[in-house]
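Once you know that position 16 of the sequence shown is 544 in the numbering used here, the rest is easy, because the numbers rise by one and skip nothing.
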Amino acid sequence: MENGSSHVPVTTASSTSSSAVRAPGPISSDDILWARITSGWEEFTVAEVYARFVTNEGEFTVRLFEKEVPNTVANFVGLAEGTKEWTDPRTNEKTNEPYYNGIVFHRIIDGFMIQGGDPLGQGYGGPGYKFADEFHPSLRHSKAGILSMANSGPNTNGGQFFITLGPTPHLDNRHSVFGEVVEGMDVIKKIGGAKTGPRDRPVKDIIIETIAVERREG
């Protein structure tokens with residue numbers, strides 16, 4: 529932990545040293561499950577949840593693993609849509625504004641990950657609360673494009689997240705995987721290659737302009 533910031537240990541093949549990736553009600557079943565009646569048969573269809581990120585470097589879409597990690601996805605969706613109350617660390621006031629709009633990717637390590645979700649843009653801000661880790665055996669940091677929660681230790685998730693730029697198996701069961709990039713991986717790679725300065729912060733601000741949550745029939 530660095531000054532209370534959320535982190536993800538960095539381990540490479542050539543080094544075993546560590547540094548930090550900083551960070552911090554389930555989606556209603558009515559939102560994702562509905563019944564169709566056709567020819568006397570009842571057919572249940574589950575909608576998959578997607579998040580479309582619009583940034584000043586381009587757009588990308590993530591499929592969220594609502595079935596496997598419902599609490600983590602519900603937190604992200606609630607913050608993104610502005611349906612979940614949070615405390616703005618800049619004003620110390622409660623708000624229901626969409627949490628991620630205008631937030632930057634404050635830390636980028638080429639070949640490892642890109643991280644965002646801090647309203648302060650420094651790595652130690654969050655929504656004013658913490659929630660428990662949520663792991664699923666099928667969800668692993670196995671490749672580039674994995675969306676996972678940043679934290680400052682067990683059960684300290686908030687609003688900060690990271691997206692992997694390659695396999696990072698040392699993060700399994702330490703950070704909650706809750707999505708995967710399915711469109712716009714070229715944008716992720718572009719962001720991952722951005723020039724950075726001290727504390728791995730991009731020299732040019734890379735801004736999340738909006739996140740639109742979509743529910744698509746599976």
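The C-beta atom is built at its ideal place from N, Cα and C for all residues, glycine as well.
| task | Please name the residue, chosen from 661, 689, 584, that lies closest to residue 681 on a Cα-to-Cα basis. | result | The residue given as residue 681 occupies position 153 in the sequence shown. Looking at the Cα atoms, 661 is the closest of the given residues.
| request: Mark residue 563 as exposed unless 16 or more other C-beta atoms lie within 10 angstroms of its C-beta, in which case mark it buried. | output: If you number the sequence shown from 1, residue 563 lands on position 35. For residue 563, the predicted structure reports a pLDDT of 42, less than 50, and the residue's modelled location is therefore unreliable. The matter cannot be settled from this model.
| task | For the alpha helix (DSSP H) holding residue 718, just list the boundary residues, first then last. | result | One-based indexing of the sequence shown puts residue 718 at position 190. It spans 713-720 - the alpha helix (DSSP H) in which residue 718 sits, taken as one unbroken run.
| Around the Cβ of residue 647, are there at least 16 other Cβ atoms within 10 angstroms (buried) or fewer (exposed)? | Numbered from 1 along the sequence shown, position 119 holds the residue referred to as residue 647. Per the 10 Å Cβ criterion, buried.
| query | Comparing alpha-carbon positions, which option in 728, 617, 713, 678 lies nearest residue 604? | reply | Within the sequence shown, residue 604 is the residue found at index 76, counting from 1. It is 678.
| request: Quick one: using the 10 Å Cβ neighbour count with 16 as the cut-off for buried, is residue 692 buried or exposed? | output: By one-based count along the sequence shown, residue 692 stands at place 164. Label assigned to residue 692: buried.
| query | Cβ atoms of residue 578 and residue 608: under 8 Å apart, would you say? | reply | Looking up residue 608 in the sequence shown gives position 80. Looking up residue 578 in the sequence shown gives position 50. No, these two residues do not count as a Cβ contact at 8 Å.
| query | Excluding sequence positions up to five away, which residues of its chain have a Cβ less than 8 Å from the Cβ of residue 666? | reply | Locating residue 666 in the sequence shown gives position 138, counting from the first residue. Cβ neighbours of residue 666 beyond the five flanking positions: 596.
| field | Whole-Å CB distance - residue 659 paired with residue 599, under 8 Å assumed | value | Within the sequence shown, numbered from 1, the residue matching residue 659 stands at position 131. Within the sequence shown, numbered from 1, the residue matching residue 599 stands at position 71. Indeed, because the Cβ distance is near 7 Å, the residues count as touching under 8 Å.
| task | Go to residue 600, then tell me how far its alpha helix (DSSP H) extends in each direction, as first and last residue. | result | Counted from its first residue, the sequence shown places residue 600 at position 72. For residue 600, the enclosing alpha helix (DSSP H) has its first and last residue at 598-609.
| Through-space distance from residue 741 to residue 587, alpha-carbon basis | For this step, residue 587 is matched to residue 59 along the sequence shown. For this step, residue 741 is matched to residue 213 along the sequence shown. Spanning the two alpha carbons is a distance of roughly 13 Å.
| query | For residue 697, does the three-state DSSP call read helix, strand or coil? | reply | In the sequence shown, counting from the first residue as 1, residue 697 sits at position 169. It is helical.
| Cα separation between residue 675 and residue 649? | As a working note, residue 675 is residue 147 in the sequence shown. As a working note, residue 649 is residue 121 in the sequence shown. Computed Cα separation, rounded: 19 Å.
| task | Alpha carbon to alpha carbon, how far is residue 718 from residue 638? Give it in angstroms, no decimals. | result | Working through the sequence shown from its first residue, we reach residue 638 at position 110. Working through the sequence shown from its first residue, we reach residue 718 at position 190. One C-alpha to the other measures close to 10 Å.
| query | In terms of alpha-carbon separation, which member of 712, 616, 663, 697 lies closest to residue 585? | reply | Translated into positions along the sequence shown, residue 585 becomes position 57. Cα-wise, what sits closest to residue 585 is 712.
| task | Take residue 729 and list the residues in its own chain whose beta-carbon comes closer than 7 Å to its own, dropping the five residues that flank it on each side. | result | In the sequence shown, the residue the question calls residue 729 occupies position 201. Beyond the five residues adjoining it in sequence on each side, residue 729 comes within less than 7 Å, by CB distance, of 634, 635 in the same chain, given in chain order.
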